[in-house]
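Single-structure report; data block below.
2 protein chains.
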Amino acid sequence: MKRPTIADIARHAGVSKVAVSYALNGRPGVSASTRARILAIAGEIGWRPNSAARALNDNRAGALGLVLRRPARTLGVEPFFMELISGIEDELSARSHALLLQVARDHDEEIELYRRWWGEGRIDGAILVDLSADDPRVPVVEALHLPAVVIGHPSASGSLTAVWSDDRAAIRETVHHLAALGHRRLGRVAGLPLLVHTRQRDRAFAETCAALGLDEPVVVHTDYTGEEGARATRRLLTTPRRPTAIVYDNDIMAVAGLSVAQEIPLDVPGELSLVAWDDSPLCRVVRPPLTALSRDIPAYGMQAARTLLALVSGEHATHVEAPAARLTSRGSTARPA
Amino acid sequence: MKRPTIADIARHAGVSKVAVSYALNGRPGVSASTRARILAIAGEIGWRPNSAARALNDNRAGALGLVLRRPARTLGVEPFFMELISGIEDELSARSHALLLQVARDHDEEIELYRRWWGEGRIDGAILVDLSADDPRVPVVEALHLPAVVIGHPSASGSLTAVWSDDRAAIRETVHHLAALGHRRLGRVAGLPLLVHTRQRDRAFAETCAALGLDEPVVVHTDYTGEEGARATRRLLTTPRRPTAIVYDNDIMAVAGLSVAQEIPLDVPGELSLVAWDDSPLCRVVRPPLTALSRDIPAYGMQAARTLLALVSGEHATHVEAPAARLTSRGSTARPA
DNA sequence: CTACGTTACTTAACCGGATAAGCGAGTAGC
DNA sequence: GCTACTCGCTTATCCGGTTAAGTAACGTAG
C-alpha cells in the first residue's frame, strides 16, 4: 500500500540499501548481475525516488518559481502569460523540474513569496516578469542570492540575468510601416506606465515619429483592460486632430478599440488603422482581422527557463536577446483616406 | 551564507534541537522563557523550515497537482483556465500549499505525470479538469489511491469527488430566454464532443428545445478555436432554414461568430442573436456586447482546492455543486426580425 | 608466500526536521 | 518521608535517500 523505498528493494534483493542506491544510479560498486536484479525488482514493485529525500540530500528543490502580479481578470484575458507558462513548462518538464506558480496582489506579497520559497528550499530559482523601473524585487532577490532570470530589459535588471526582446525595434517597424502607408498622426494606447517595457515603447514611439517627421504622437496609458482600452480610444478619436492610426499594447484593448471605431462609426481600415501588440487568435477572429506584432512567446518562456536552469547549476549566464516582435500585416491597416 | 537550521538555533540558545522544535511548533515541553528566546533567535537569523525535511517526516508534499491538456494556443485564449488557476492558488496560498502545474499533450502523458508526481511524493492530491466520457484518468487515479477532485459532473467521476456546476440548468435558462424573445430555430456551436460537459449541454439543449416546441436545433462541434467557431457559424448560417440565434461554448468562438455575421452582413441582434458561454472581458469589449453565461470561475477553483485539501487530510468529502452559470443579457440578443 | 589491488559489497553517518521515550529536579499529596 | 506526578529538557530513532569509509574475498605481481 505505501510507496516502496530502496529499503524494500534491498530486502527483496538480499543486499544493503547502499548497493541498491549504487545500482539505481548507475555508478560502480555492484556487479552487473546484482545491478540487473535490483533494477528488475525496482521496476516490478514500481519504485520511484522520493523527491523530498533527494532534495534533502543535495539541497536542490527541483522546482522553479514564478509569481504573476496582475489581477485575475486581466491575467485571464491576455494569452501572453498562459503561453509563457506553457513554454517554461515545456523546458522544465524535459529536465524533470516543476514549476511553482502563484498569483500575488502586489510587489510586497511577491517579495515575501520569494523569501519563503527560497528560505524553505522550495525553489532553486525564480523568473521575474513585468519589470518596472526601480523594481523593488531586484535588490531583494540579489540580496537573497536567489538565482533569478528577469524577463525584461537588461538596463533595469541590476545584476540579474535578463531575457529580453527589443521592443523598440518592433515599435520602429510599426511606425515605419504606418508612415509608409501615409499616416502622419499616430496614437498609442499603452499599458501600465510603471513597467519598463511600456516606457521603452513610449520613447521609441515618440522618437521614431520625430525621426520620420510625423506629428507628435498622443499616448494614453491604461491598465491593459478592454474597458480602459475603449475609453482611451474614445479620447484619442475625439481630439481635434484625431490620429489616423492607433497602436495598442495588447490585443484585448485593440479589439475594444475596433468596437469603439465601428460604433462611431469609423471605417477600419479606411478611416482608421489599428495595430495590436502580441498577436493571438483573438486578432484573427475579429473583422477586419487585426494587424499585430507577433512573437513566439512559448519560445521566450523556454529560453528564460533554460537560462535559469543554467544559472542554477552554477554556470555563468549572460543576457539573452530573443527575436523582436515582427509586424504581421492584416486587414486593420491601410492607406489613410 | 547557507540557510540556518534548527541545529543552528539550538547552538545559539544552548539547548538541544528537540527543544527548538518544540518551541517553534508551539507545543509543550519548553518553558515560556526558553520558548521566547528560541523564537527570538529564529526570527533574528531568519530561519524557515526546510520543506523537504518536513515532507520527508510526515510524508506530505505540501503541493497539489494540476495538468492541463489542451494545446497552448487554445489554453491561452480562454480565460477559463487562468481564472481557475488563480482561484485554486488563492485557496492554496492561504493554507501555504503550492500548485504544481504542467501542460500535457494527451491523456497518456497526463496519466504518466500523476504516476510520477504521486510516486515521487511531489503532490498530495490532484485536480482533474476537462472530464471526458469513460475518462481513462479516473480508473488510474483510483488505482493509485491518489486523492483527487474532478472538475466535472459526478456521473463520470467514478469514485472520485466531483466539483461541478449544473450546465443543463444554464442551457435551459438560455433556451427559455431565447424562446421567450420569440426565437424558434436555434443553433449551437459546441466544444469537443468527447467532453462530458459538451454532451450534457448538447442533450439539455435538444431537450429544452423539444420541450418548448421549438425546431430541432442544429449543433456543430469544434475544438474551441476561433477558426472553427467561425467555420461552424458559416455552416449554420448557410443552412436552408438558418437559425435566428446561436449559442457558443466559449467566448472566443462567439466573437468569431459575431465577426462572421457582420461580414455577411447580418445585423446582430436584429437578424441574429448570439450567446457566449463563460463571460469574460472579451464579451464586453465587442459591439454589440455579448450576452453570456457567467459564473464565478475563481470561486469554482477555490472550491475544488478546498475540497481536495479536505480529502488529503483524511476527511470524507462529498460532491460539491457550485452555482450554475447565469445568463447575463447584453446587446447581442433580441427579438428576431 | 607475501604485498598490493580490485571487486563487490557493508556499516556509519548525514541532510533537517519530527516524535517517542527517558530522566533528573521540584513539588504536591497523604 | 515516601510515592507520584508534572515540568523542562535530553537522548535515540526515524523519514528515504546519498556519500564516505571500511572490509572481506579474490587475483596478481614480485
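Line by line, the protein sequences give chains A and B.
Numbering-wise (the working numbering), the first sequence opens with residue 1 and increments by one.
Numbering-wise (the working numbering), the second sequence opens with residue 1001 and increments by one.
Using N, Cα and C, we set each Cβ at its ideal position, and we do this for glycine too.
| message | Using a Cβ-Cβ cutoff of less than 7 Å, which residues in the same chain neighbour Ala1162(B) once the five nearest sequence positions on both sides are dropped? | response | The count along the second sequence starts at 1 and reaches residue 1162(B) at position 162. Excluding positions up to five away in sequence, the list reads Val1150, Gly1152, His1153, Pro1154, His1319.
| message | Please determine whether the Cβ atom of Trp118(A) lies at a distance below 7 Å from any heavy atom of the ligand PLP. | response | For the ligand PLP, the structure offers nothing, since it holds no ligand at all.
| task | Answer yes or no: does any C-beta atom of chain B fall closer than 8 Å to that of Arg25(A)? | result | On the first sequence, residue 25(A) is found 25 positions in, with the first residue counted as 1. Per the sequence shown, the amino acid found at residue 25(A) is Asn instead of Arg. Taking Cβ atoms only, chain B never reaches closer than 8 Å to Asn25(A), which makes this a no.
| Between Ala23(A) and the rest of its own chain, which residues show a CB-CB distance below 6 Å, the 5 nearest in sequence each way excluded? | Position 23 of the first sequence, counting from 1, holds the residue named residue 23(A). Non-local beta-carbon contacts of Ala23(A) in its own chain, meaning distances under 6 Å to residues more than five positions away in sequence, involve Val30, Arg35, Ile38 in chain order.
| query | Relative to the C-alpha of Ala1232(B), which residue among Glu227(A), Leu214(A), Gln200(A), Val285(A) is closest? | reply | Here residue 1232(B) refers to the residue found at position 232 of the second sequence. With distances taken between Cα atoms, Ala1232(B) lies closest to Val285(A).
| task | Output the distance between the C-alpha atoms of Asp1166(B) and Ala1325(B), rounded to the nearest integer angstrom. | result | Along the second sequence, read from residue 1 onward, the residue named residue 1166(B) stands at position 166. Along the second sequence, read from residue 1 onward, the residue named residue 1325(B) stands at position 325. Between Asp1166(B) and Ala1325(B), the C-alpha separation is close to 8 Å.
| message | Taking the beta strand (DSSP E) that Leu1064(B) belongs to, which residues open and close that run? | response | Numbered from 1 along the second sequence, position 64 holds the residue referred to as residue 1064(B). For Leu1064(B), the uninterrupted beta strand (DSSP E) run begins and ends at 1063-1068, by DSSP.
| query | Can you give the Cα-Cα distance for Ala1211(B) and Phe1205(B), rounded to whole angstroms? | reply | As a position in the second sequence, residue 1211(B) is number 211, starting the count at 1. As a position in the second sequence, residue 1205(B) is number 205, starting the count at 1. One Cα belongs to Ala1211(B), the other to Phe1205(B), and the distance between them is close to 10 Å.
| task | Spell out the partners DSSP gives His1177(B) in its beta bridges. | result | As a first step, residue 1177(B) is located in the second sequence; it is residue number 177 there, counting from the start. In DSSP, His1177(B) forms no bridge with anything.
| said: With the cut-off set at 8 Å, would you say Val340(A) and Leu282(A) are in Cβ contact? | reply: Any answer about residue 340(A) is impossible in this case: the structure gives chain A only from 1 up to 337.
| Expressed to the nearest angstrom, what Euclidean distance is found between the alpha-carbon atoms of Leu1293(B) and Leu1181(B)? | Translated into the one-based positions of the second sequence, residue 1293(B) becomes position 293. Translated into the one-based positions of the second sequence, residue 1181(B) becomes position 181. C-alpha separation (whole angstroms): 17 Å.
| field | chain B residues whose Cβ lies nearer than 9 Å to that of Gln262(A) | value | Within the first sequence, the letter at position 262 stands for residue 262(A). Residues of chain B passing the Cβ test: Gln1262, Arg1287.
| said: Given a cut-off of 8 Å on the beta-carbon distance, is the pair Pro1004(B) and Gly1043(B) in contact? | reply: As a working mapping, residue 1004(B) is identified with position 4 in the second sequence. As a working mapping, residue 1043(B) is identified with position 43 in the second sequence. It is not a contact, given that the beta carbons lie outside the stated cut-off.
| task | Pick helix, strand or coil for Glu321(A), following the three-state DSSP scheme. | result | Reading the first sequence from its first residue, position 321 is the one you call residue 321(A). Correct three-state label for Glu321(A): strand.
| said: Taking 8 Å as the cut-off, does the segment 130-146 of chain A touch the segment 90-104 of chain A (at least 3 CB pairs, one atom from each stretch)? | reply: The segment 90-104 of chain A, when compared against the segment 130-146 of chain A, does not touch it at the 8 Å Cβ threshold.
| 4 or more residues per run - each alpha helix (DSSP H) lying fully within the segment 112-192 of chain A | Within the segment 112-192 of chain A, the complete alpha helix (DSSP H) runs of at least 4 residues are 137-144, 167-181.
| said: Give me the chain B residues within the contact set of Pro281(A), using Cβ-Cβ distance strictly less than 7 Å, ordered along the chain. | reply: Mapped onto the first sequence, residue 281(A) falls at position 281. Arg1073, Val1077, Thr1225, Gly1226, Ile1252, listed in chain order.
| said: Using 8 Å for Cβ pairs, my map puts Ala310(A) next to Ala317(A). What's the rounded Cβ distance? | reply: What you label residue 310(A) is simply residue 310 of the first sequence in a count that begins at 1. What you label residue 317(A) is simply residue 317 of the first sequence in a count that begins at 1. Between Ala317(A) and Ala310(A) the Cβ distance is about 5 Å, and since that is below 8 Å, they are a contact.
| query | Do you know how far the Cα of Glu271(A) is from the Cα of Gly967(B)? | reply | With chain B covering 1001 to 1337 only, the question about residue 967(B) has no answer from this structure.
| message | Let's test the definition: count the other Cβ atoms within 10 Å of the Cβ of Ala1094(B) and tell me whether it reaches 16, buried, or not, exposed. | response | Here residue 1094(B) corresponds to residue number 94 of the second sequence, with the count starting at 1. It is exposed - the Cβ of Ala1094(B) has fewer than 16 other Cβ atoms within 10 Å.
| task | Output, in chain order, the set of chain A residues within a Cβ distance shorter than 7 Å of Gln1102(B). | result | Residue numbering aside, residue 1102(B) sits at position 102 when the second sequence is read from its first letter. Chain A residues near Gln1102(B): Glu89, Ser93.
| query | So, using beta-carbon positions, are Leu1186(B) and Ala1245(B) closer together than 8 Å? | reply | Sequence index remark: in the second sequence, residue 1186(B) carries index 186 (1-based). Sequence index remark: in the second sequence, residue 1245(B) carries index 245 (1-based). For Leu1186(B) and Ala1245(B), yes; Cβs fall inside 8 Å.
| Name the chain B residues that come within less than 9 Å of Val255(A), Cβ to Cβ? | On the first sequence, residue 255(A) is found 255 positions in, with the first residue counted as 1. Near Val255(A) (Cβ distances below 9 Å), the residues of chain B are Val1255, Leu1282, Val1285, Val1286.
| field | Environment of Val141(A) [buried if 16+ CB atoms lie within 10 Å] | value | As a working note, residue 141(A) is residue 141 in the first sequence. When all chains shown are included, Val141(A) counts as buried.
| request: Determine the burial state of Ser259(A): buried for a count of at least 16 other Cβ atoms within 10 Å of its Cβ, exposed for fewer. | output: One-based indexing of the first sequence puts residue 259(A) at position 259. By the 10 Å Cβ count, Ser259(A) comes out buried.
| request: Return the CA-CA distance between Asp1251(B) and Ile1088(B), expressed in angstroms with no decimal places. | output: Here the question's residue 1251(B) lines up with position 251 in the second sequence. Here the question's residue 1088(B) lines up with position 88 in the second sequence. Answer to the nearest angstrom: the Cα atoms are 22 Å apart.
| By Cβ distance, which residues of its chain are closer than 7 Å to Asp135(A), with the 5 residues on each side in sequence left out? | Stepping through the first sequence from its first residue, residue 135(A) is reached at position 135. Close CB contacts of Asp135(A) within its chain, under the 7 Å cut and outside five residues either way in sequence, are with Ala156 (chain order).
| Cutoff 8 Å: Leu1056(B) Cβ touching any chain A Cβ | Against the second sequence, residue 1056(B) aligns to sequence position 56. With 8 Å as the cut-off, Leu1056(B) counts as an interface residue toward chain A.
| Short CB-CB distance (under 8 Å) between Glu1044(B) and chain A | Numbered from 1 along the second sequence, position 44 holds the residue referred to as residue 1044(B). Cβ-Cβ to chain A under 8 Å: no for Glu1044(B).
| query | In three-state terms, what does DSSP make of His316(A)? | reply | Residue numbering aside, residue 316(A) sits at position 316 when the first sequence is read from its first letter. Look at His316(A) here: in three-state DSSP terms it is coil, with no helix or strand label.
| query | Roughly how many angstroms separate the alpha carbons of Arg1048(B) and Ala7(A), rounded to a whole number? | reply | The residue labelled residue 1048(B) in the question sits at position 48 within the second sequence. The residue labelled residue 7(A) in the question sits at position 7 within the first sequence. Straight through space, the alpha carbons of Ala7(A) and Arg1048(B) are spaced by roughly 30 Å.
| said: Does the CB of Arg1048(B) have a neighbour CB from chain A at under 8 Å? | reply: Translated into the one-based positions of the second sequence, residue 1048(B) becomes position 48. It does; some Cβ of chain A falls within 8 Å.
| said: Can you list, in chain order, the residues of its chain with a C-beta nearer than 7 Å to that of Ala1179(B)? Leave out the 5 residues immediately preceding and following it. | reply: Residue mapping note: residue 1179(B) aligns to position 179 of the second sequence, counting from 1. Around Ala1179(B): Leu1212, Leu1214.
| query | So is Glu1112(B) buried or exposed if we call it buried at 16+ other beta carbons inside 10 Å? | reply | Your numbering for residue 1112(B) matches position 112 in the second sequence. Glu1112(B) should be labelled exposed.
| field | Leu1293(B): contacting residues in chain A (beta-carbon distance under 9 Å) | value | Within the second sequence, numbered from 1, the residue matching residue 1293(B) stands at position 293. By Cβ distance, chain A contributes nothing, its closest Cβ being about 16 Å from Leu1293(B), past 9 Å.
| said: Would Ser159(A) pass as an interface residue toward chain B - the criterion being a Cβ-Cβ separation below 8 Å? | reply: Along the first sequence, read from residue 1 onward, the residue named residue 159(A) stands at position 159. No, because no Cβ of chain B sits closer than 8 Å to the Cβ of Ser159(A).
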